[in-house]
Amino acid sequence: MEDDQNGQSQAWDIALASNFFSSVSSYPLPSPSPFVLSFKDLTYSVKITKKFNPLPCCGSSDGDGMEMNTKMLLNGISGEAKEGEMMAVLGASGSGKSTLIDALANRIAKESLHGSITLNGEVLESSLHKVISAYVMQDDLLFPMLTVEETLMFSAEFRLPRSLPKKKKQARVQALIDQLGLRNAATTVIGDEGHRGVSGGERRRVSIGIDIIHDPIILFLDEPTSGLDSTSAYMVVKVLQRVAKSGSIVIMSIHQPSYRILGLLDKLLFLSRGNTVYSGSPTDLPRFFSEYGHIIPENENKTEFALDLIRELEDSPEGTKTLVDFHKQWRAKQTLNQTTRNTNVSLKDAINASISREKLVSACRAGRETNLKSAFQTFANPFWTEILVIAKRSMLNSRRQPELFGIRLGAVLVTGTILATMFYKLDNSPRGIQERLGFFAFAMSTTFYTCAEAIPVFLQERYIFMRETAYNAYRRSSYVLAHTIISLPALVILSATFAATTFFSVGLAGGSEGFFFFFLTILAAFWAGSSFVTFLSGVVSHVMIGFTVVVAILAYFLLFSGFFISRDRIPLYWLWFHYLSLVKYPYEGVLQNEFEDPTKCFVRGIQMFDSSPLGQVPDAVKISLLKSMSGVLGFNVTAETCVTTGVDILKKQGITEMSKWNCLWITVAWGFLFRVLFYFTLLIGSKNKRR
């Protein structure tokens, strides 16, 4: 359930949250109660396809032509990290660094991960884990047109308690900007390929900032220095050291730290193909390898030497087994020589002590609750506040990229102008009928093709969304509703532009009432198309695949709309697709809007011959033919007799099942359906956990 848990007392919330920013009292604070994150015998494996067997009956154990092989990603990994320390997980690519970080960060399904992870001896509930920890992804996933300060402020709006005054949130943001060393870049936009912004190192520090805005106890980072130069990498790790010293546990994976970065680290954990080959402090690393029989030269980077040696062993026939076994013996000897200090502090008491030391601003009432799971709010804000903040952020980011909407508006305007000039002032003749049908079919399909731009919009935000919802920054339903609301103004403008450009120029019927319905139908078509494309963007994960799928499906929608072949002529086995076509309903609606007047005539007397070989004969011959037909039919047919009305055209097109207003409402309903389906794709497809 996504409803946030209400606090017992808002005054209590404000008092505790405000305590984070208040000055230190003259009374002595409680003695620190350090947090200790312990993990023991973590084991995780996955099944991978070994090879394809074209003859399933000959050698495949499961009979499906595939052989499955189990790959061990983590094999009995143990260790601990303490408050105020930075632990770095090192190893070559494929060693299991990111997998271990994911395991500790609760990003692997419990049924797949074996072993134990505890904080101060207590197993963390998933809901509590989300509140007191943070996970920084390897990629910098940020809105490009927001400034550094705005990015952090929106993060504060999402993560800090709603009872905290806005001035306090702003103070937290300003303090974090100074802590991250971003003061000179505070008013600079993040930037992207087309917009100049902050540097790579500054982007990385902003990424860290948005995940530590709530001052978490545990911070996990997946290769925070990758892609950075040595100076930027050092500055990032220096910031992480300050975060750790402020009372957090920092655990990160890192590929190959420089000498200066190594001096900032407190613990190292080397992995090789899922096994631990060293765990301990950087100062013990030379002694470890010396006892193993490989002395680290005095002027050589210790981690580079260790990683190179591990790679050599991995390439050898025996692999790293001897090093793994030696490490187990070495750790056992080290444990015997160390005296273990047991703090005997429960997790609840440690969290309360942390709050009293102005730590963990997202904790609002931990001191009052006996159950830690209920001591923290699932979401910091109510439903409607989340919608407003998400909408405000998206509109601010979009407003600074006017060219994006300008291109859409230009495309609609150009298409409308071409249609208006090509189908200018259509007459009421047999050819005019066919031209009207062509205009309506192309116009309705254009509204859907124009909506294809919605695919990259969510695909660009997908990983931002996954990162934020992984730690309950907001509800998924809030995200869907917010983006639905902010999309409507643009759709109204596009619909009004297209309708105004084409309706009167083409000479469509109905006057002001007809124009209003035409506008509503265009708007409904834009709405349904936008919702459909948004839903698909939640299903596919690649822009080019998304465009291919959208274009193909929209082409099928047009094919089965009833323009190329009427409903009563569609084969029975394809009739179901006719009713699923999003183009069918707006197309039939505008046709009824145009041809519903039974008094309006479109084919008179001699015009009935225009679409036949007799169309080329003189009018006198046509009139004599009409006289002959009158005798056979039993009533007089003249050159001005109305032969085909708009109602006859609708019957010929097979449009007799529903009214134009029902077509409009069904189109609108399709839009709502796809928004609901989009919500469920987010609910199912963004679990952020490995299986």
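In UniProt numbering, the protein residues as written are 1 to 691.
Built from N, CA and C at the ideal position, the CB exists for glycine as well.
If you're wondering where the values come from, they're calculated on a predicted model, not measured in any experiment.
In angstroms with no decimal places, state the Cα-to-Cα distance between residue i and residue j.
i, j, result
"I210", "A470", "13 Å"
"V506", "N472", "52 Å"
"P257", "T303", "7 Å"
"Y587", "V457", "27 Å"
"L682", "R393", "19 Å"
"L268", "G79", "10 Å"
"S316", "V551", "52 Å"
"residue 695", "S45", "The structure shown does not extend to residue 695, since the chain is modelled only from 1 through 691, so no value can be given for it."
"S403", "D192", "Here residue 403 turns out to be Glu, not Ser, going by the sequence shown. Rounded to whole angstroms, E403 to D192 spans 15 Å at the Cα level."
"S207", "I108", "22 Å"
"S38", "A81", "7 Å"
"T118", "I217", "13 Å"
"E122", "S346", "8 Å"
"S566", "M629", "29 Å"
"T335", "Q329", "10 Å"
"F680", "P165", "34 Å"
"L523", "R675", "16 Å"
"T276", "S253", "14 Å"
"M145", "L409", "21 Å"
"F465", "A244", "27 Å"
"E149", "L182", "9 Å"
"V603", "W670", "36 Å"
"F557", "E435", "20 Å"
With DSSP as the reference, label residue i as helix, strand or coil.
i, result
"R679", "Looking at the sequence provided, one finds Tyr at residue 679 rather than Arg. The answer is helix: DSSP assigns Y679 an H, G or I state."
"G458", "It should be noted that the sequence gives Phe, not Gly, for residue 458. Of the three classes helix, strand and coil, the one that applies to F458 here is helix, per DSSP."
"F432", "Here residue 432 turns out to be Gly, not Phe, going by the sequence shown. The answer is helix: DSSP assigns G432 an H, G or I state."
"N75", "strand"
"M86", "strand"
"Y471", "coil"
"D41", "strand"
"K47", "strand"
"A350", "helix"
"E300", "coil"
"G263", "coil"
"N106", "coil"
"T70", "strand"
"G685", "helix"
"S279", "strand"
"E640", "coil"
"residue 737", "Given that the chain is displayed from residue 1 to residue 691, the structure contains no residue 737 and the question cannot be resolved."
"E312", "helix"
"residue 727", "Since the displayed the chain opens at 1 and closes at 691, residue 727 lies outside it and no answer follows."
Would you kindly report the start and end of the unbroken beta strand (DSSP E) that includes residue i?
i, result
"G115", "H114 to L119"
"F518", "Careful: F518 lies outside any beta strand (DSSP E), inside the alpha helix (DSSP H) at G511 to V539."
"M252", "I249 to S253"
"F270", "K267 to S272"
"T147", "Counting along the chain, T147 falls outside any beta strand (DSSP E), and DSSP gives it neither H nor E."
"T548", "Run containing T548: none in the beta strand (DSSP E); it sits in the alpha helix (DSSP H), V543 to L559."
I need the boundaries of the alpha helix (DSSP H) containing residue i, first residue and last residue.
i, result
"S127", "S126 to I132"
"A92", "Note, A92: premise wrong, no alpha helix (DSSP H); not H, not E."
"T502", "R476 to V506"
"N397", "F383 to R399"
"S290", "L285 to Y292"
"V345", "It is not in any alpha helix (DSSP H) - V345 carries neither H nor E in the DSSP assignment."
"S230", "S230 to K245"
"V647", "G646 to K652"
"I295", "From DSSP, I295 is part of no alpha helix (DSSP H); its letter is neither H nor E."
"I407", "P402 to M422"
For the ligand SAM, is there a heavy atom less than 7 Å away from the beta-carbon of residue i?
i, result
"L413", "Judged by which ligands are present, the structure shown has none, so any question about the ligand SAM falls away."
Step through the CB atoms of chain C and report whether any lies within less than 8 Å of the CB of residue i.
i, result
"T118", "Looking at the structure shown, chain C is missing, and only one protein chain is on hand."
Three Cβ pairs or more, each shorter than 8 Å: is that satisfied between the stretch 566 to 577 and the stretch 593 to 605?
Not touching, per the Cβ criterion.
Any beta strand (DSSP E) of 3 or more consecutive residues that is wholly inside the stretch 563 to 622
With a minimum length of 3 residues, the continuous beta strand (DSSP E) runs that stay inside the stretch 563 to 622 are 601 to 604.
Runs of alpha helix (DSSP H) lying entirely within the stretch 175 to 227, each at least 4 residues, in chain order
Here the runs fully enclosed are 200 to 211.
Is it the case that the stretch 33 to 50 contacts the stretch 178 to 188, given that we only count it when at least three CB pairs across the two stretches are under 8 Å?
Touching, no, given that fewer than three Cβ pairs across the two stretches are closer than 8 Å.
Quick check: the stretch 440 to 450 against the stretch 132 to 149, are at least 3 beta-carbon pairs closer than 8 Å?
Too few Cβ pairs lie closer than 8 Å, so no.
Taking 8 Å as the threshold, find out whether the stretch 275 to 287 comes into contact with the stretch 237 to 253 through three or more Cβ pairs.
No, because fewer than three Cβ pairs between the stretch 275 to 287 and the stretch 237 to 253 fall closer than 8 Å, the two stretches do not touch.
Contact the stretch 199 to 219 vs the stretch 232 to 244: 3+ CB pairs below 8 Å:
Yes, the stretch 199 to 219 touches the stretch 232 to 244.
Does the structure place the stretch 647 to 666 close enough to the stretch 616 to 625 that three or more beta carbon pairs sit under 8 Å?
The stretch 616 to 625 vs the stretch 647 to 666: no contact.
Touching by the beta-carbon criterion (3+ pairs, under 8 Å), the stretch 290 to 302 and the stretch 95 to 115:
Below 8 Å, too few C-beta pairs join the stretch 290 to 302 and the stretch 95 to 115 to call them touching: fewer than three.
I want to know whether the stretch 424 to 442 touches the stretch 537 to 548 - three or more CB-CB distances under 8 Å.
Touching, no, given that fewer than three Cβ pairs across the two stretches are closer than 8 Å.
Do the stretch 87 to 101 and the stretch 163 to 181 make contact, defined as three or more Cβ pairs closer than 8 Å?
Not touching, per the Cβ criterion.
Does the count of Cβ pairs from the stretch 405 to 419 and the stretch 484 to 499 closer than 8 Å reach three?
Touching, yes.
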